[in-house]
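Chains D and B are the protein sequences, given in the same order.
Letter by letter, the first sequence follows residues 12 to 226 of our numbering.
Letter by letter, the second sequence follows residues -4 to 414 of our numbering.
By construction, the Cβ of each residue, glycine as well, lies at the ideal position given by its N, Cα and C atoms.
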Amino acid sequence: MRVVLAEDLFLLRDGLVRMLEAFGFEILAAVESGPELSKALAELEPDVAVVDVRLPPSHTDEGLQCALAARRARPGLPVLVLSQHVEQLYARELLADGNGGVGYLLKDRVFDAEQFVDAVRRVAGGGTAMDPQVISQLLSRRSQDQPIGALTPRELEVMELMAQGRSNTAIATQLVVTERAIAKHTSNIFAKLGLPVSDDDNRRVLAVLAYLDRG
Amino acid sequence: MITRLRASLVAGVRGLALALTALIGSVLLFTLTLVSVSLIPIGIGIFTTPPLLSLVRAQANSRRLLAAQWSGVRIPSAYRPGGPARGGLAGQVERCVRMMKDPATRRDMQWLFTDITAGATVALLAPALWLEGLFGLLLAVGLWKPIVEAGGTYWYTFLPVDSAGTAGLAAVLGLGWMVLATFVNPLLVRSHFRIAAASLTPSRGDLEQRIDRLTATRHDAVDTSAAELRRIERDLHDGAQARLVAMGMNLSTIEALIEKDPAQAKKLIAAARTSSAEALTELRDLVRGIHPPVLAERGLGDAVRALALRLPVSCEVDVEMTGRVEAPVESAAYFAVSEALTNAVKHGGGDRIWVDITHTDGSLRIAVTDNGGGGASVGAGSGLSGVERRLGTFDGVLAVSSPAGGPTMVTMEIPCASS
């Protein structure tokens, strides 16, 4: 799998390159600034881009802006955004085009190499990988609202994992239950939230976020 | 001599112009404003006063300009910033109140009164001296005859003119007036401006008050930042720093254990990883407390939107501003909004909050409104007085309207430019 990487801190960039290479990714380019990233994304056609939010020269949200621009130019271009902090605002901007293939994770998540690599693969495959922090913020905010309040604790757990972008199989493994049980939970959740059932991973997250967004 | 004569003639013309603007413009403005202010209690005045006061300011400002151009007299202007920020009745009332409260308004009115009395008289003296002198000469060359024939003795200044002889004296007196005009006319115009300056210049008391306020707010600013530094130092020392030390210790234990007891070493590695994750979380919270990343990346509008998304109650954010304001103001405004929102959530008891941010006419205005129970006040020990102090550093003001039963509206205004 071919990756373009953007990260301005040398140590982190180097570490990411090593880690991804160790897991069999091919690094097409590892750049350190916004303009370089835009150029690499336009020319190299990677399978997935791993991008730091804050990049030179502006040191603001240059990385995010480049990623959004690249996705406008090439809809569905898989982008995994890494950040020192996670904001729902940014998560929404990434999800807004509805094309899937996006991820938004705290930089700390690279501590768990396997989970991180799994997230990169999921994004590259058109799925999503949302940081648990974003999801828990969303859920804690809405927990007093009616439809979400109607969910059982177990269903909430399932929904949290689902919103992160995990497949039923992954959720089943994590919660140590059968996949059938998870399928039942998800259809219950969709029923309670009044959402049409869909088997598309990415759609599920969008549906959840869209619902939560409704305020 | 020629230049002096010319200057005097010019001053005469200028005096006439000043007297006319005073006697027409200022009289009109003065009476209209008085009427308008007296109509405030029945409501009409609320709509008529602000535009009238703006005209008064324009009149005063044009006089300031002339003072500097014609006589080199500088009259400082000190109107409080602010203009129409909100539409509708509330905005109109606010604007009216703000203008009426401005001490410069009182000074303007004082000036209008002196302008139509002393100011106009002094200015009128300049052309009058020339005209009176000219009239004396005209009397002497024959004008006295028809006048005396028609109405008997004519009093020229203090001279009874009834014959060619007295008319000749009038000519001498007229010449005297003209000589006097040559010397005093520029002074008369200058005095006119001095009189204006006397009413328009902010008083010493106002300045002293301002100095007191600056001293107090500077004190607050220094205090707050020192306390903030202490808090940051303590948080780092007790939090992230301690965790990193523990991690280092764990790592050296792991080094010793790795061959003897791999299982135990693995457990310690997991502990070290948890420690590092916790250290990161603490650092992240600390950074958010010092300067929130979204604020640095996107500015006030999006930072407040991000803040709203984290609130447990639904919060609508409406931002109308182009560009960004200076970083210190942005930061102060952000934390002020944050505090106001926290208060609204904690004590307001409502289920909806609205935040409006506008930047117009060099002033940043933020309103945080909730539909809760009301009853909030700025008092000792309340979070809002902290906000007030924070804003005070930037000459900002805080107003709280919170009748029992709600709604609560916290309004903040900070004068600042945007880039």
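Along the stretch 295 to 306 of chain B, what residues have a CB closer than 8 Å to any CB found in chain D? Asp297, Arg300, Ala301, Leu304, Arg305 and Leu306
Name, please, each residue of chain B whose Cβ falls closer than 9 Å to the Cβ of Arg65 of chain D. Numbered from 1 along the first sequence, position 54 holds the residue referred to as residue 65 of chain D. Within 9 Å Cβ-Cβ: Pro288, Ala291 and Glu292.
Amino acids of chain B, ordered along the chain, whose beta-carbon sits closer than 7 Å to that of Glu98 of chain D: Along the first sequence, one-based indexing puts residue 98 of chain D at 87. Those are Val289 and Ala301, listed as they occur along chain B.
Going by alpha carbons, who is nearest to Thr196 of chain B out of B:Trp106, B:Val217, B:Leu281 and B:Asp233? Within the second sequence, the letter at position 201 stands for residue 196 of chain B. Here the closest residue by C-alpha is B:Trp106.
Can you say whether Glu54 of chain D is buried or exposed, counting buried as having 16 or more other CB atoms within 10 angstroms of its CB? Within the first sequence, numbered from 1, the residue matching residue 54 of chain D stands at position 43. It is exposed - the Cβ of Glu54 of chain D has fewer than 16 other Cβ atoms within 10 Å.
Does Ser396 of chain B come out as helix, strand or coil in the three-state DSSP assignment? Translated into the one-based positions of the second sequence, residue 396 of chain B becomes position 401. The answer is strand: DSSP assigns Ser396 of chain B an E or B state.
Could you tell me which chain D residues have their CB closer than 7 Å to the CB of Leu275 of chain B, listed as they occur along the chain? By one-based count along the second sequence, residue 275 of chain B stands at place 280. Residues of chain D passing the Cβ test: Asp119.
At a Cβ cut of 9 Å, what residues of the stretch 261 to 275 of chain B count as close to chain D, listed as they run along the chain? Arg268, Ser271, Ala272 and Leu275
Taking beta-carbon pairs under 7 Å, can you tell me which members of the stretch 71 to 85 of chain D lie near chain B? Thr71 and Asp72
Less than 9 Å between CB atoms is the rule here; does Pro79 of chain B satisfy it with respect to chain D? Here residue 79 of chain B corresponds to residue number 84 of the second sequence, with the count starting at 1. Any answer about Pro79 of chain B is weak, because its pLDDT of 47 lies below 50 and its placement is not dependable; what the coordinates show is given next. So no, Pro79 of chain B is outside the interface.
With DSSP collapsed to three states, give me the class of Pro155 of chain B. Sequence index remark: in the second sequence, residue 155 of chain B carries index 160 (1-based). DSSP places Pro155 of chain B in strand when its eight states are reduced to three.
Within the stretch 181 to 240 of chain B, note down every full alpha helix (DSSP H) run reaching 4 residues or more, in order along the chain. 199 to 231
Give me the chain B residues within the contact set of Phe122 of chain D, using Cβ-Cβ distance strictly less than 8 Å, ordered along the chain. Indexing the first sequence from 1 puts residue 122 of chain D at position 111. Correct list: Arg268, Ser271 and Ala272.
When the Cβ atoms of the stretch 171 to 186 of chain D are set against those of the stretch 327 to 346 of chain B, are three or more pairs found closer than 8 Å? no
Per DSSP, what kind of secondary structure is Ser69 of chain D in: helix, strand or coil? The sequence position of residue 69 of chain D within the first sequence is 58, counting from 1. Three-state result, Ser69 of chain D: coil.
Going straight from the alpha carbon of Arg82 of chain D to that of Arg65 of chain D, what length do you get? Here residue 82 of chain D refers to the residue found at position 71 of the first sequence. Here residue 65 of chain D refers to the residue found at position 54 of the first sequence. Arg82 of chain D and Arg65 of chain D: Cα-Cα distance of roughly 18 Å.
With a threshold of 9 Å between beta-carbons, can Arg238 of chain B be considered close to chain D, or not? Stepping through the second sequence from its first residue, residue 238 of chain B is reached at position 243. No, its Cβ sits nowhere closer than 9 Å to a Cβ of chain D.
Shorter than 9 Å from the beta carbon of Gln148 of chain D to some beta carbon of chain B? Counted from its first residue, the first sequence places residue 148 of chain D at position 137. For Gln148 of chain D, the answer is yes, since a Cβ of chain B falls inside 9 Å of its Cβ.
Is Tyr101 of chain D buried or exposed, if buried means 16 or more other CB atoms sit within 10 Å of its CB? Start at 1 with the first residue of the first sequence, and residue 101 of chain D comes out as number 90. The residue is buried, with at least 16 neighbouring Cβ atoms inside 10 Å.
Under 9 Å between C-beta atoms, does Val314 of chain B make it to chain D? The residue you call residue 314 of chain B lines up with position 319 of the second sequence. Chain D, which has no Cβ nearer than 9 Å to the Cβ of Val314 of chain B, makes this no.
Given a cut-off of 9 Å, decide if Gly137 of chain D and Gly87 of chain D are closer than it, judged by their beta-carbon atoms. As a first step, residue 87 of chain D is located in the first sequence; it is residue number 76 there, counting from the start. As a first step, residue 137 of chain D is located in the first sequence; it is residue number 126 there, counting from the start. Yes. Within cutoff.
Of all Cβ atoms in chain D, is any one closer than 9 Å to the Cβ of Val282 of chain B? Here residue 282 of chain B refers to the residue found at position 287 of the second sequence. Taking Cβ atoms only, chain D reaches closer than 9 Å to Val282 of chain B, which makes this a yes.
Could you say which of B:Gly40, B:Met94 and B:Arg189 lies nearest to Val68 of chain B if we only look at CA atoms? Sequence index remark: in the second sequence, residue 68 of chain B carries index 73 (1-based). For Val68 of chain B, the nearest C-alpha among the options comes from B:Arg189.
If you drop the 5 nearest sequence neighbours on each side, which residues of the same chain put their C-beta closer than 6 Å to that of Ala192 of chain D? For the purposes of this step, residue 192 of chain D is taken as residue 181 along the first sequence, with counting starting at 1. The answer is none, since no qualifying residue turns up.
Using a Cβ-Cβ distance under 9 Å, would Arg279 of chain B count as near chain D? Indexing the second sequence from 1 puts residue 279 of chain B at position 284. Yes, Arg279 of chain B lies at the interface with chain D (some Cβ there is under 9 Å from its Cβ).
Gln175 of chain D: contacting residues in chain B (beta-carbon distance under 8 Å): One-based indexing of the first sequence puts residue 175 of chain D at position 164. Neighbours of Gln175 of chain D on chain B: none; closest Cβ ~17 Å, over 8 Å.
By alpha-carbon positions, which one of B:Ala211, B:Ser21, B:Glu325 and B:Glu254 ends up nearest to Ile285 of chain B? Taking the second sequence and counting its residues from 1, one reaches residue 285 of chain B at position 290. The shortest Cα separation from Ile285 of chain B among B:Ala211, B:Ser21, B:Glu325 and B:Glu254 belongs to B:Glu325.
Check whether chain B comes within 9 Å of Gln95 of chain D, counting only Cβ atoms and requiring the distance to be less than that. Within the first sequence, the letter at position 84 stands for residue 95 of chain D. For Gln95 of chain D, the answer is yes, since a Cβ of chain B falls inside 9 Å of its Cβ.
Is Gly344 of chain B helix, strand or coil by DSSP? Residue 344 of chain B sits at position 349 when you count from the first residue of the second sequence. Coil.
For Ala394 of chain B and Thr406 of chain B, which I take to be in contact (beta-carbon distance under 8 Å), what is that distance rounded to the nearest angstrom? As a working mapping, residue 394 of chain B is identified with position 399 in the second sequence. As a working mapping, residue 406 of chain B is identified with position 411 in the second sequence. Right, their Cβ atoms sit about 5 Å apart.
List the residues that DSSP assigns as beta-bridge partners of Pro46 of chain B. One-based indexing of the second sequence puts residue 46 of chain B at position 51. In the DSSP output, where bridge partners are listed per residue, Pro46 of chain B has none listed.
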